[in-house]
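In my numbering, the protein residues as written are 10 to 868. From the three backbone atoms N, C-alpha and C, an ideal C-beta is built for every residue, glycine too. The structure presented is a predicted model; accordingly, all values stated were derived computationally and were not measured. Reading through the structure tokens given below for one structure.
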Amino acid sequence: MTFNFPYGFNFLHISELILLVPLAFLVLLGFWKKVNKRHLFFHALVVFLLILALAAPYSAEMSHPKTNQSRITIISDESASMELLKKGVSEEVADKLNTRIPVTVTTVSGIHTSLGDSIIQQASPENYVLVVSDGQSNSGTPVEEALSYCYKNNFPVAALIPETIEEDLSVELEGENEAVLDNEAFFKVNIRKSTEEKMSYQVRITIDHQKVMEREITQTGRMESIEFNHTFETLGPHTVKATLHPASISVKNLDYFENNNQYMKSVYVTPKPKILLVTSEPDSPLANTMKEIYDVRVAGSFGSLNGTDAVVIDNQAASTISDAEERALRTYITNGGGMVVVGGSSSFDYPAENTYQDTKFEDLLPVTSKPSNWRGGRNIVLMLDVSPSAMDKNGIGGRVLDDILSNAIVLLESDLLKDARVDVITFGSTGQDITDGFVDMSKESNRLWLDAKIREISPSGDSTSLERGLLTAHNLLKAQNNSVEAEIIIVSDGGIGNEGESDNRFERAVQCAENLHENSGIGIQFVHIHSPKTTRQVTPKGQYYAELFMNKIGLSENYNRIEPGERIKLSFSEDPEESVDREDEYSSGAIVVYDPKHFITRNISDINHDILGYNEVTPKPEANRLVITRLGKPVITVWRLGLGRVVAITTDNGNGNGVPWAASLYSGNDSLIITRTLNWAVADTEMSEGIQLKVPDLKMNQPGRILITTGKEGAPELYFDKKPMEITSIGNNMYESYVTVDTFGLHKISETPVDVNLTKELIPETSGVKNVSWRPAAVNRPDEYTYVGENPLFRTAILENGGKIYTKGDIYSRITDDASTSTEKKILTKVFYTKYFLVFAFLIYLLYTLHHTYNTRMK
């Protein structure tokens, strides 16, 4: 049980206070026995003070310790990518600053940049860290994570980014390393440029030495992307290669590095997966789509599953699946098989007298066959004010922060956020993402975890910058699917106003919020924790800053002021006309991608056509919703069962009974979502019988992880360029191996040693042979040469974590003062009063004893 004492007062050992109960009993007994009242009072008071001392009384206070700034440490990035930026900046700055303050220079060099690790190593309260870098980091702790660590611990970090003076291009290929025979494989070419100066060049794509694309591009932005697809017509290893050709003879003046002008990707093409389609409609759009891609065996019942990569159960009633078939399916899936269950008028919740609900077959599925009351389709950013004013008294014996955190927890437990995806950020002088991305609140484990994270929050920063919090929220939301509804909920004491005539943070926050609401369609709610004794909440004209803020952005109806101790009951209201339009939109069957990071939905931002019907289901707690209707009804839901994969497509096969529900999903661009779903369910392709490999693109001199799955007992024996691979078990029949290669080109993984071919893109005599006993592994230049020029996210990360960005012109005038004042910290400290209670008890006992002795004996 928790007790909240007034004015931040509390006890470290609160259980010791139970001793007050026998003390009270003894006092009552003394009254009953008519003991001398004065004698009883003073002795009881002494025992009372001793019990309080035993419980270790303390108060929580905000302190402002200062440390003497002893040095500046410059982290000088001298890695390969820094060759494109102005040289000698670190040395020049160090030489000039050394006359005023001790400066230490530490370097980061080589072809791998561990900038985050270096920041953490050098950061401390007494050390002002200045990072001179392009912000590109490709190994060790991510820079954002390192800066967040420093911000939480009040370690000052600033940056100076030298000017980019050399132009450079780099090329990279994205795409899967496995493809299916006679199926389209999708690829993307990313061309990055170090500056924003205009530059012309050619990009050439070759597949197995044959040119498939050549395009001339004039680029001014930092990045250009080209998408293309290719259908492989032969089995075995293939190579896709992208090459840049600067459109000028003077290559050296246009393109600094030459080793990043080509990128090679190895692709292993497998036979068409063998799929069993259990259906009563062998000519449906679903069936026709599958026949174009896979080796399909159509049947009216299950039969044998041997040699089958996946089974698709199309609109089959529960009564058609026997217990023996369910057991066979369970064994098949847990051993690595894939299953896709497609809805319709005889599936999931249909027919009403024979649904999947509470059947053994339903245990295999990622959904239950009952309607979902999930509203869905909403991303929520919960912004919590943790500025120093949150430590103010709330007028009822607690702190404002207690009300802020309590209301945040109440919101998490409400039906409003029950099935939303929530990200919690705190804002003081900066905005800080404490959940590291959105959390699915439909999972109880996630809600409990988030509840615990919120309870750990403590005040930080030295001011209230609502703008920084809104910018952090905007960055989080813009990375999500923009067709999904989004809402920001601000919980604050309302102290977001100006502190002086030169302070325009309030106006910047208003401008930022207007941009979020009007241009991005993001809703904003403000929960104002009113504290009667606080003047920071009120403008000189007597208006509440929070209320004025919501009025200025046109959302006065979303302003909620509550008194200390009260808890918010929030609702997302809509304009009546908008609600009618929205219901029309919902009823039309508009569907959206809910999870854009999954393999199935990656790079699919929009599904253009609607569906006219769906089965009513509810995803199980550990399942992943991928595609939903705008009402939140699941359309594609997946999960893993054992080693296998299971998908529920809860709309029909495009044929339907009378009026088809989802004919558009099986034609045109929208059919990609179905194809990806089927591909995900198919078991991993095999190098040879019993062994499955996942081989990524490898980078020179960087460890690359290769995943191995085998159906046989014991670790397999594999070779990389004729050298035995070190293989480690990571689970049931699952293994991993790390390889490090120092040469560019094509390499080989095999079950027996085969000749090495490091430079050729293809071996003609083996390509296209069905049972090739080796797998290709393409090795490219290190990441250091892929991401060129200044990292634009580096500036944002520094500012959002309380740091400063200097320019070459202002660093000498600002950094000395900043370095000497930045170490003032606001921390929560506990002041203990045990000794005072002991001294007070001793004095009372001594004085009373002297007084009693004098009166009874000396007189």
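Expressed to the nearest angstrom, what Euclidean distance is found between the alpha-carbon atoms of Leu253 and Met709?
-> 20 Å
**Request:** Identify whether Arg685 lies in helix, strand or coil by the three-state DSSP scheme.
**Result:** helix
**Message:** Taking only three categories from DSSP, how would you classify Ala632?
**Reply:** coil
- prompt: Where does Gln145 land, buried or exposed, given buried means 16+ other C-beta within 10 angstroms?
  reply: Around the CB of Gln145, 16 or more other CB atoms lie within 10 Å, so the residue is classed as buried.
- Task: Could you check what DSSP says for Phe872 in three-state terms: helix, strand or coil?
- Result: Any question about residue 872 goes unanswered here, given that the chain covers just 10 to 868.
Using DSSP bridges, identify the partner residues of Lys250.
-> Thr215 and Met273
* Near Glu153, what residues of its chain come up, given a Cβ to Cβ distance below 7 Å and the 5 sequence neighbours on each side ignored? -> Ala806
Val797 by DSSP, collapsed to three states: which one? coil
* Neighbourhood of Val419 by C-beta, 8 Å cutoff - its chain only, sequence neighbours within 5 removed -> Arg576 and Ile577
Could you pull the start and end residues of the beta strand (DSSP E) that Thr435 belongs to? Per DSSP, the unbroken beta strand (DSSP E) holding Thr435 starts and ends at Arg430 to Phe436.
**Message:** Here's the rule I'm using: 16 or more other beta-carbon atoms within 10 Å means buried, otherwise exposed. How should Leu286 be labelled?
**Reply:** It is buried - the Cβ of Leu286 has at least 16 other Cβ atoms within 10 Å.
Between the CA atoms of Ser68 and Glu809 - distance to the nearest angstrom
It is roughly 32 Å from the alpha-carbon of Glu809 to the alpha-carbon of Ser68.
- Query: Rounded to whole angstroms, how far is the Cβ of Val141 from the Cβ of Val98, which I believe are closer than 8 Å?
  - Reply: 6 Å
inquiry  = Using a Cβ-Cβ cutoff of less than 8 Å, which residues in the same chain neighbour Ala787 once the five nearest sequence positions on both sides are dropped?
reply    = Correct list, in chain order: Thr248, Met273, Lys274, Ser275, Asp706, Leu707, Gly754, Leu755 and His756.
> What does DSSP give as the partner residues of Ser209 in its beta bridges?
Replying inline: Thr227
Could you work out which residue in Asn455, Tyr568, Val500 and Asn199 is closest to Gly230 when comparing CA atoms only?
-> Ranking the options by Cα distance to Gly230, first place goes to Asn199.
With DSSP run on the structure shown, which of helix, strand or coil describes Ile174? Ile174 falls in the coil class under three-state DSSP.
Taking only three categories from DSSP, how would you classify Leu29?
helix
- C-beta neighbour in chain B for Asp679, strict 8 Å: The structure shown contains no chain B; it holds only a single protein chain.
Nearest CA to the CA of Ile389: which residue from Asp442, Lys844, Gln130 and Leu674?
Asp442
First and last residue of the uninterrupted beta strand (DSSP E) at Met392: Arg387 to Asp394 is the span of the beta strand (DSSP E), which, as asked, contains Met392.
Just to confirm, is the Cβ distance from Leu106 to Ile562 under 8 Å? no
*asked:* Pull the bridge partners of Leu716 from the DSSP assignment, please.
replied: Lys703 and Glu745
- Are the beta-carbon atoms of Pro280 and Leu314 separated by less than 8 Å? The Cβ atoms of Pro280 and Leu314 do not sit closer than 8 Å to each other.
query = Around the Cβ of Met743, are there at least 16 other Cβ atoms within 10 angstroms (buried) or fewer (exposed)?
reply = exposed
Would you kindly work out how many angstroms separate the C-alpha atoms of Thr659 and Asp358, rounded to a whole number?
10 Å
Cβ-based neighbour list, Arg224, same chain, cut-off 6 Å, excluding 5 preceding and 5 following
Val212
inquiry  = So, does the region 319-337 touch the region 715-732, judging by three or more C-beta pairs under 8 Å?
reply    = no
- From Ser179, Arg685, Glu175 and Lys462, pick the residue whose C-alpha is nearest to that of Ile609; which is it? Arg685
If I'm right that Ser123 touches Ser148 with Cβ under 8 Å, what's the distance once you round it to whole angstroms? 5 Å
What does a CB cutoff of less than 6 Å around Leu61 pick up in its chain, not counting 5 residues either side in sequence?
Phe846
TODO: Would you mind giving the Cβ-Cβ distance between Arg430 and Phe447, rounded to the nearest angstrom? I have them listed as a contact below 8 Å.
DONE: 4 Å
> If you drop the 5 nearest sequence neighbours on each side, which residues of the same chain put their C-beta closer than 8 Å to that of Glu592?
Replying inline: Any reading at Glu592 must be qualified, since the residue scores a pLDDT of 41, below 50, and its modelled position is unreliable; the value itself is stated next. Around Glu592: no qualifying Cβ.
*Quick one: is Ile739 buried, meaning 16 or more other Cβ sit within 10 Å of its Cβ, or exposed?*
exposed
Could you work out which residue in Val44, Pro643, Leu650 and Val321 is closest to Leu373 when comparing CA atoms only?
Leu650
**OP:** Say whether the region 176-185 touches the region 287-295, bearing in mind that this needs 3 or more beta-carbon pairs closer than 8 Å, one atom from each stretch.
**Re:** no
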